[in-house]
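Trainee: Structure below; questions to follow.
Numbering (my numbering), first residue to last: 16 to 165.
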C-alpha cells in the first residue's frame, strides 16, 4: 500500500535510505533531515512494514527532483518502485511542476518510466546544494535524467 509518509515512518525511511547510502548508492539522510522533509515523501508498506520510499523536492516554480528513491532488496521487481514514482510525479503535476529530474545509479528504471538522460551541466546550480554533502563531490558519477510532465 502506498501513502504519504508520516512522522512514525522516519526511522524506517532512514534505515532504507542509509542501507543504500552505506553502499555509495545514494546520499545518507539524518533523522532531522527526514523530519524536516517528511511531507515530501511517499512510502510503500507491506504487512505494516515500510519497504520503499521516494521523495519529491520542489526546487523552483517549474522544477522538482525525485530523490531518496529506495526499495528494500527483497521487494525489488514487484512494481513498488513504479507506484512510488507515479505518486511523486502525480504530486508534481498537481503542484504545477512541469519538469522533474533525478540523479541515480539506476538509469534503466527511470528510462523505462519516461525519463531521458541529460547532461548534469544542464541542471540548475541550485540542485548541487545537497551534493556538497557527498564525499564524491565534485566528481559525481550519478547519471542525470529528466522528464517533461507538462
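Beta carbons are placed, not taken as given, at the ideal position from N, Cα and C, and that holds for glycine.
Under the DSSP definition of a beta bridge, which residues are partnered with residue 85?
Mentor: Per DSSP, 68.
Trainee: Check whether the Cβ atoms of residue 58 and residue 24 sit closer than 9 Å, and answer yes or no.
Mentor: Yes, Cβ-Cβ distance for residue 58 and residue 24 is below 9 Å.
Trainee: With a CB to CB cut of under 8 Å and the five nearest residues on each side skipped, what residues in its chain are close to residue 50?
Mentor: Closer than 8 Å at the Cβ level, and outside the excluded window around residue 50, lie 22, 25.
Trainee: Mapping the DSSP letters down to three states, classify residue 97 as helix, strand or coil.
Mentor: Three-state DSSP puts residue 97 in a helix.
Trainee: Could you tell me if residue 108 is buried or exposed, where buried requires 16 or more neighbouring beta carbons within 10 angstroms of its beta carbon?
Mentor: By the 10 Å Cβ count, residue 108 comes out exposed.
Trainee: Are the beta-carbon atoms of residue 159 and residue 123 separated by less than 9 Å?
Mentor: Not a contact, by the Cβ cut-off of 9 Å.
Trainee: Any contact between the stretch 90 to 97 and the stretch 35 to 44? By contact I mean 3 or more CB pairs, one from each, below 8 Å.
Mentor: Touching, no, given that fewer than three Cβ pairs across the two stretches are closer than 8 Å.
Trainee: Alpha carbon to alpha carbon, what distance is there between residue 16 and residue 72?
Mentor: Rounded to whole angstroms, residue 72 to residue 16 spans 22 Å at the Cα level.
Trainee: My guess is that residue 61 and residue 35 are in contact by the Cβ rule of under 8 Å, so how many angstroms apart are they, rounded?
Mentor: Wrong, their Cβ atoms sit about 18 Å apart, outside the cutoff.
Trainee: Between residue 80 and residue 112, how many whole angstroms is the CB-CB distance? I'm expecting something under 8 Å.
Mentor: About 10 Å separates the two Cβ atoms, so there is no contact after all.
Trainee: In or out: residue 83 buried (at least 16 other Cβ within 10 Å) or exposed?
Mentor: Classification for residue 83: buried.
Trainee: Grouping DSSP H, G and I as helix and E and B as strand, with all else coil, what is residue 120?
Mentor: Here residue 120 sits in coil by DSSP.
Trainee: With the cut-off set at 9 Å, would you say residue 31 and residue 102 are in Cβ contact?
Mentor: No, these two residues do not count as a Cβ contact at 9 Å.
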